[in-house]
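**Q** Residue numbers (our numbering), protein chains in the order written: chain C, 1 to 569; chain V, 570 to 765.
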Amino acid sequence: MDATGILQILLYVALIVALTPLAGGIMARLYEGKLTFLSWIERPIYRLCGTSAEREQHWTGYALSLLAFNLVGALAVYGLQRLQFWLPLNPGGMAAVPADLAFNTAVSFTTNTNWQAYGGETSMSYLTQMAGLSVQNFVSAATGMAVAVVLIRGFARQSARSVGNFTVDLTRTVLYLLLPICVVGALALVWLGVPQNLSPYIEATTLEGGKQIIAQGPVASQMMIKHLGTNGGGFFNANAAHPYENPSAVVNLIHMVAIFVLGAGLTNTFGRMVGDTRQGWAILAAMGLLFLAGVGAASWADAAGNPALAAIGVDQMTSPWQAGGNMEGKEVRFGIALSALFATITTAASCGAVIAMHDSLMPLAGLVPMVNMMLGEVVVGGVGAGLYGMLVFVILSVFIAGLMVGRTPEYVGKKIEAREMKLAVLVILVFPIGILGLGALALLTGPEAIAAPGPHGLSQLLYAYTSATANNGSAFAGFGANTVLHNTLLGLAMLLGRFMVIVPTLAIAGALAAKKAVPTSSGTLPTHGWLFVGLLVSVVLVVGGLTFFPVIALGPVVEHLSLAAGTLF
Amino acid sequence: MWTHLRSALVLVVIMTALTGLAYPLAVTGLAAMVFPWQAGGSLIEKDGHVVGSALIGQKFDNPAYFHGRPSAAGDGYDAASSGGSNLAPSSRKLVDDVAARVAAARQANPDEKGGVPADLVTTSASGLDPHITPAAAAYQVKRVAAARHVQVEEVRQLLAQHTEGRELGLLGEPRVNVLKLNLVLDARWPLRGQGD
């Protein structure tokens, strides 16, 4: 990769760092209830839902409201898919989606995963895409934000019984944050070339006289929320690699910024709400270190190109006339640097959109997205989900530090005790259970879905179960996931990875909110310095590394070593 | 629990109306008013017919046209079924496929020695990549010039004029839009049997 590639990566990092305090400040005001200019829309919504902005909930009530909302939402998406043939806005004449696929898709979109076992332009009507999938893009993102805010309130409040009101948090997130950004952003995308229409597919007569049917649709409106909400579900099968979803590098930059801006901003919101912005910056620094390591590894591995292709006369050298490198499954306008950057961003966050086919990445470049997800997507992460995931790791880190110095661990003024630790460990165990447990079950019962022979086949299955458990949604797309078995098992992995994390997190928040603050003393471990950042990064890496190293060694590492030795499968 | 479910149902209905219908329909309406060409898919018309989209690649086999990348979308450049090959870098099938394309590219461009530019023999992520690299275009210049009976240097100049640099001088990669370039070729040196 050349200097321009590195410059593009640095520009992106600088943009995110610059936007973090801005987004963080707006969100802090929003969740502290200081933004009120839309209260005339809010009030009737709350009245219809039988609540009000002033009525707060205990964490258990909050959790019940959240689960009920997600259940109803999933049923709505399921119903729309099953009935789309008889419903309006279906110019492509899409048939009803089969039950197992509809279940998988409904779970996938409500859990903010957006795993797609279907191709958008070949199976979903415009109505399903808009009133089903797009809606969940908004509200599943808002759900994640709400949980993060509740955990922040847990740290910020003292001797409190309540943690907020789910209906209010969700509505405010959508009204003040997601919708306004999306309306402006979507129009900017259309200006830059992304289509937005409800036309039937266009029939073109090509220059050589052939026939080309070009799929259309309300693409721009879905693109904006799919990235801002770290959803990742493509309008088209090729996702953000499709030139309609992502026609240029400028559009691509908007997509990439949208993926990280709210997640990074929330670290700042956290700092502001607990009264010490340095705490937020320390968390962002830990995320940043892990992120840069990922981008570096992925772009290095892919820029080198494929030795098996170099051997048969393919020119993969970088020059002013071509980006070079491993171009299988890549788009010319993005080249290697942007593809590696996007692959790292989309899996660091729980987005899962792709601009290059991850299945065709070089083995070690494909390993980076996988590791990002295995670490629990705590590098910025899904909107909300990244922050609460990282705060669980923070609890683990201060606990380990507490053991080393022999004091009760504390974090931002709250004692971390047995109850919080047990819940944190429960959250961390979800990943090995989903990825390794369900993955092993799938390997035994449904290996025929694997398309690639050799070690890459294991990587395909491993990637699928990692992506589902981590609620990411990207894939090694050669994996034939659209079977009754995998639709069901992956659906379970997504539910596990979402709600078995959210419920314990809400419980931690409830327990913390009830505590009194302890004053800082000379024995308190400072959690805003580089020492703590280093400790946090190590804990994230050790927990992930020890858990998943064996299976990684059998998949991508073996493939890399075989390819270097000239073995093909 | 019933109160939770009732208020969840109401909230889902409200959010569907707001984010699922009002939002996309409002954006669709505004986009059609302000940016009708882009909103409609950036379609290119010639003699009253749609010949394609400026953003979507299409299949070229005629030696007088610049060729795009190999495509894994449907039977090739199927713009209603996008996608990549999803073959692993260690896949024997990938290496065999690429080897066949290398041989075909060398046969079609006998004047070119040396390695074939990577993008010309690998499938894109979408299967609809509208671009090739300047290297892949330069590789085809002599063939196109010969097929159109014009000077190589003239085609090379035309190519240079239609090579797009990095966006804003920094973002993305230099590239050539194959459909647009071929349209310019046809306008400048019409193929036999083509009107003007």
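Virtual Cβ for every residue (Gly too), placed ideally from N, Cα, C.
#1: Comparing the C-beta of C:M357 with each C-beta of chain V, is any distance below 8 Å?
#2: Excluding the 5 residues flanking C:I508 on each side, which residues of the same chain have their C-beta closer than 6 Å to its C-beta?
#3: When you compare each of C:S360, C:T269, C:K330 and C:V368 to C:L387 by their alpha carbons, which one comes out closest?
#4: Report the three-state DSSP secondary structure of V:N746 (helix, strand or coil).
#5: Taking C:W191 as the query, report the chain V residues whose CB atoms sit under 7 Å from its CB, ordered along the chain.
#6: Tell me the rounded alpha-carbon separation between C:G544 and C:F342.
#7: Is the Cβ-Cβ distance between C:S140 and C:N165 less than 8 Å?
#8: Flag this pair as touching only if the stretch 275-294 of chain C and the stretch 30-50 of chain C have three or more C-beta atom pairs under 8 Å; answer yes or no.
#9: Scan the stretch 320-340 of chain C for residues whose Cβ lies nearer than 9 Å to a Cβ of chain V and list them as they occur along the chain.
#10: Give the secondary structure of C:T143 by DSSP, where H, G and I count as helix, E and B as strand, and everything else as coil.
#11: Is it the case that the Cβ atoms of V:S660 and C:L461 are separated by a distance below 8 Å?
#12: When burial is assigned at 16 or more other CB atoms within 10 Å of the CB, is C:E54 buried or exposed?
#13: Can C:A215 and V:A694 be called in contact, C-beta distance under 8 Å?
#14: Closest to V:T702 by C-alpha separation, out of C:Q322, C:T267 and C:G529, would be which residue?
#15: Give me the residue from C:G210, C:G263 and C:Y62 with the minimum Cα distance to C:G510.
#16: CB C:S134 to CB V:P632, shorter than 8 Å?
#17: When the Cα atoms are used, what is the spatial distance from C:A349 to C:Q158?
#18: How big is the Cα-Cα spacing for C:I502 and C:V147?
#19: Given C:I213, which residues of its chain have a CB within under 6 Å of its CB, disregarding the five upstream and five downstream residues?
#20: When burial is assigned at 16 or more other CB atoms within 10 Å of the CB, is C:I259 buried or exposed?
#21: Within a Cβ cutoff of 8 Å, which residues of the same chain sit near V:V713, ignoring the five residues on either side of it in sequence?
#22: Anything in chain C within Cβ reach of V:R629, meaning under 9 Å, just list it in chain order.
#23: Ends of the alpha helix (DSSP H) at V:A806?
#24: From which residue to which residue does the beta strand (DSSP E) around C:T205 run?
#25: Answer yes or no: does any C-beta atom of chain V fall closer than 8 Å to that of C:M362?
#26: What is the DSSP secondary structure of C:L423, reduced to helix, strand or coil?
#27: Under three-state DSSP, which class holds V:E733?
#28: Would V:S660 count as contacting chain C if we go by Cβ distances under 8 Å?
#29: Could you work out which residue in V:V582, V:T572 and V:K615 is closest to V:N751 when comparing CA atoms only?
#30: Between V:L727 and chain C, is the shortest Cβ-Cβ distance under 8 Å, so that the two count as touching?
#31: Is it the case that the Cβ atoms of C:A74 and C:T110 are separated by a distance below 8 Å?
#32: Have a look at the DSSP bridge pairing and note the partners of C:Q57.
#33: Go ahead and label C:I428 buried or exposed: buried means 16 or more other beta carbons lie within 10 angstroms of its beta carbon, across all protein chains shown.
#34: State the start and end residues of the unbroken beta strand (DSSP E) segment that holds C:V503.
#35: So which residues of chain C does V:G684 contact, with C-beta pairs closer than 7 Å?
#36: According to DSSP, simplified to helix, strand and coil, what is C:V558?
**A** If we stick to the structure as given:
#1: Yes - at least one Cβ of chain V is within 8 Å of the one on C:M357.
#2: Exclusion of the five residues before and after C:I508 leaves E420 and L423 as the residues of its chain whose Cβ lies within less than 6 Å of its Cβ.
#3: When only C-alpha atoms are compared, the closest one is C:T269.
#4: The answer is strand: DSSP assigns V:N746 an E or B state.
#5: For C:W191, the C-beta contacts it makes with chain V under 7 Å involve F604 and Q607, in order along the chain.
#6: When the Cα atoms are used, C:G544 and C:F342 turn out to be separated by approximately 22 Å.
#7: No, the pair does not count as a contact, with Cβ atoms beyond the cut-off.
#8: Counting C-beta pairs closer than 8 Å gives fewer than three between the stretch 275-294 of chain C and the stretch 30-50 of chain C, which falls short of the contact rule.
#9: Taking 9 Å as the upper bound on Cβ-Cβ separation, chain V lies near residues P320, W321, Q322, A323, G324, G325, N326, M327, E328, G329, K330, E331, V332, R333, F334, G335, I336, A337, L338 and S339 of the stretch 320-340 of chain C.
#10: Correct three-state label for C:T143: helix.
#11: No; because the gap between Cβ atoms is not below 8 Å, this pair is not in contact.
#12: The residue is exposed, with fewer than 16 neighbouring Cβ atoms inside 10 Å.
#13: Against a cut-off of 8 Å, the Cβ pair of V:A694 and C:A215 comes out as no contact.
#14: Ranking C:Q322, C:T267 and C:G529 by Cα distance to V:T702 puts C:Q322 first.
#15: Closest option to C:G510, Cα to Cα, is C:Y62.
#16: Remark: C-beta atoms of C:S134 and V:P632 do not approach each other more closely than 8 Å.
#17: About 31 Å.
#18: Between the alpha carbons of C:I502 and C:V147 lies a gap of roughly 7 Å.
#19: So the qualifying residues of the chain are Y201 and E203.
#20: By the Cβ-count criterion, C:I259 is buried, with 16 or more other Cβ atoms from all chains shown falling within 10 Å of its own Cβ.
#21: Within the same chain, V:V713 has close Cβ partners P632, A633, Y634, F635, V724 and L754.
#22: The question names Arg, but residue 629 of chain V in the sequence shown is Phe. Those are T206, L207 and E208, listed as they occur along chain C.
#23: With chain V running from 570 to 765 in the structure shown, residue 806 of chain V is simply not present.
#24: First-last of the beta strand (DSSP E) with C:T205: I202 to T205.
#25: True, the Cβ-Cβ gap to chain V drops below 8 Å.
#26: Of the three classes helix, strand and coil, the one that applies to C:L423 here is helix, per DSSP.
#27: DSSP, reduced to helix, strand and coil, places V:E733 within a strand of the structure shown.
#28: Yes, V:S660 lies at the interface with chain C (some Cβ there is under 8 Å from its Cβ).
#29: That would be V:K615, whose Cα lies nearest to the Cα of V:N751.
#30: False, the Cβ-Cβ gap to chain C never drops below 8 Å.
#31: Yes, these two residues count as a Cβ contact at 8 Å.
#32: Per DSSP, C:G164.
#33: Answer is buried; the Cβ neighbour count reaches 16.
#34: Counting along the chain, C:V503 falls outside any beta strand (DSSP E), though it belongs to the alpha helix (DSSP H) covering V484 to A513.
#35: Result: G313, V314 and D315.
#36: Secondary structure of C:V558 (DSSP, three-state): helix.
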